[in-house]
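Chemist: Count along the sequence shown from 1, then add 2; that gives the number in the working numbering. Backbone N, C-alpha and C fix where the C-beta goes; we use that ideal spot for every residue, glycine too.
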Amino acid sequence: MLSVLFYYTLGVMFVYMMASATSLSAYFVSHRKSFLLLTLCFVFYFIDVSLVFKDDFITPTAILNASSFWDVGNPQATIISGAGMFLFLWLAICSYLGKVNRVLVTAPIIAYILASLIAFNAIGNVQAREFCFYSMREVLLFWMAAVIAYWYATGDEVLRAALRRHRVAYWVSLACTVGIVLENVYFQLIFDPSTLPNDMWFFSERNPMENMLFLTLAIMTMRAANETLRLRYDAPPEREDEAMEESIARVLPLYAKKNGLSKRERDVIRLIVMGKDNQNIASDLNLALSTVKVHVHNILKKTSQPDRHSLVRDFWSA
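#1: Can you list, in chain order, the residues of its chain whose CB lies under 6 Å from that of residue 179, leaving out five sequence neighbours each side?
#2: For residue 316, which residues from the same chain have a beta carbon less than 7 Å from its beta carbon, with the 5 sequence-adjacent residues on both sides left out?
#3: Closest to residue 138 by C-alpha separation, out of 295, 302, 260 and 85, would be which residue?
#4: Rounded to whole angstroms, what's the CA-CA distance from residue 117 to residue 110? Just pull it up for me.
#5: Could you give the distance in angstroms between the alpha-carbon of residue 225 and the alpha-carbon of residue 282?
#6: Give every residue of the same chain whose Cβ lies closer than 6 Å to the Cβ of residue 205, excluding the five residues on either side of it in the sequence, and list them in chain order.
#7: Just reading off the alpha helix (DSSP H) that residue 93 is part of, what are its end residues?
#8: Measuring only the C-alpha atoms, how far is residue 123 from residue 11?
#9: In its own chain, which residues sit with a C-beta less than 7 Å from the C-beta of residue 297, not counting the 5 before and 5 after it?
#10: Residue 87: buried (16+ other C-beta within 10 angstroms of its C-beta) or exposed?
#11: Note down, one range per segment and in chain order, each alpha helix (DSSP H) of at least 4 residues found wholly within the region 245-297.
#12: Where does residue 370 sit, in a helix, a strand or coil, going by DSSP?
#13: Starting from residue 181 and walking both ways along the alpha helix (DSSP H), at which residues does that stretch end?
#14: Determine the burial state of residue 72: buried for a count of at least 16 other Cβ atoms within 10 Å of its Cβ, exposed for fewer.
#15: Take every Cβ of the region 206-222, pair it with every Cβ of the region 159-175, and state whether three or more of those distances are shorter than 8 Å.
#16: Under the assumption that residue 27 contacts residue 44 (Cβ atoms under 8 Å), give the Cβ distance between them as a whole number of angstroms.
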C-alpha cells in the first residue's frame, strides 16, 4: 500500500510540475501576469504536497499511535506553503478578471495565516485541532468562490463572458472543495485509526480531494497555456529589436545548414523572419526587387514551405 501511495504522490507532483512549467512557458511568450502567478501557485503546492515526505527522512523509525494519527505535521511549513499557493492563485484570478486590489488580495491571506496559527496553538483536542487547522483552507476557498459568484452577479457582460468560459472548472472546483470538507470530517473527526495497519496510516496527511482540486486547476492552466503557445506557433513574432536579433542568430545557422541555404539566402530569410516585405529586404540588402523575389522563391523551395507565413513558423519551430 505504501508503494501505491508513493507513486500516487509522485504522479500528482509531476502534474503540478508540468502545469508550472507550461504556465511559465506561456508567460515568457505572452507576458500575461496571470500565467506567472499560476506558475508560483503550483510551485507552492508542489512544496506543500512534498512535505508529506519530510518525516520519512527525519524520523523514519517513528512508531505511530492513535494520538499521532491526528498530529499536524510541519504546521509552520504547511501554513507558509498554503498561504503562498492561495495568494498566487487568488492573484491570478484577480489579474485575469481585472479585479486586482491590494486589500482584496492580502486581507484573506493574512486572515488565513492568523486563523491557522490560532487553530494550531489554541485548540487542545488533537482531532479538533487538526480539523480546524486544515479547514482554514476550505474556508478560504469558499470565500473565493463566493466573491467570484458575486462578481458574476453584479458584473457587466464582458466580465460574465470571461467567467462563463471557465464555468465547468468553477463548479468542479467547488465540488472538490465540498469533497475536501467531507473527507476532513470523516478522517479527522469520525475515523478510528486503530482499525488500520501501520502501513495504511496515510489519511491524516494526504487529502486526495484537495489533490483533485489542484489537478483540475492544473488541467485548466495547461489548456490555457497550450492555447497561448499554439497561437504563438500559428502567428510567430515579427519585429526588429535586439532580443529578436539574438533569437534569430541562435536559430539561423542550424536552420540554414539543415535546408542548404546560401549566405545570401540566409540574409534574406533573416529579414523575412523579422517581418519585412520584399521591397524592404531589397533596400536593406541593396538588391534588385526581382533578385529578392528569386531568393524568396528558392528559400521556399528548399524549405518545402508554401508561403512566407509557413516559412516563419517552420523557422521558429526548428
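Modeler: By the coordinates alone:
#1: The count along the sequence shown starts at 1 and reaches residue 179 at position 177. Same-chain partners within the cutoff: 140 and 143.
#2: As a working note, residue 316 is residue 314 in the sequence shown. Cβ within range, chain order: 305 and 307.
#3: One-based indexing of the sequence shown puts residue 138 at position 136. Selected option, being the one with the closest Cα: 85.
#4: Counted from its first residue, the sequence shown places residue 117 at position 115. Counted from its first residue, the sequence shown places residue 110 at position 108. C-alpha separation (whole angstroms): 10 Å.
#5: The residue labelled residue 225 in the question sits at position 223 within the sequence shown. The residue labelled residue 282 in the question sits at position 280 within the sequence shown. Whole-angstrom Cα-Cα distance: 39 Å.
#6: By one-based count along the sequence shown, residue 205 stands at place 203. Any answer about residue 205 is weak, because its pLDDT of 49 lies below 50 and its placement is not dependable; what the coordinates show is given next. Taken in chain order, the residues that qualify are 189.
#7: Here residue 93 is taken as the residue at index 91 of the sequence shown, counted from 1. From DSSP, the alpha helix (DSSP H) with residue 93 extends over 77-99.
#8: Mapped onto the sequence shown, residue 123 falls at position 121. Mapped onto the sequence shown, residue 11 falls at position 9. One C-alpha to the other measures close to 29 Å.
#9: On the sequence shown, position 295 is the one that residue 297 refers to. 266, 267 and 270.
#10: As a working note, residue 87 is residue 85 in the sequence shown. By the neighbour-count rule (16 or more Cβ atoms within 10 Å), residue 87 is buried.
#11: 265-275 and 280-287
#12: No statement about residue 370 is possible, as the shown extent of the chain runs from 3 to 320 and does not include it.
#13: Here the question's residue 181 lines up with position 179 in the sequence shown. Counting along the chain, the alpha helix (DSSP H) containing residue 181 begins and ends at 169-187.
#14: Indexing the sequence shown from 1 puts residue 72 at position 70. Per the 10 Å Cβ criterion, buried.
#15: yes
#16: By one-based count along the sequence shown, residue 27 stands at place 25. By one-based count along the sequence shown, residue 44 stands at place 42. Going by Cβ atoms, the distance from residue 27 to residue 44 rounds to 13 Å, so no, they are not a contact pair.
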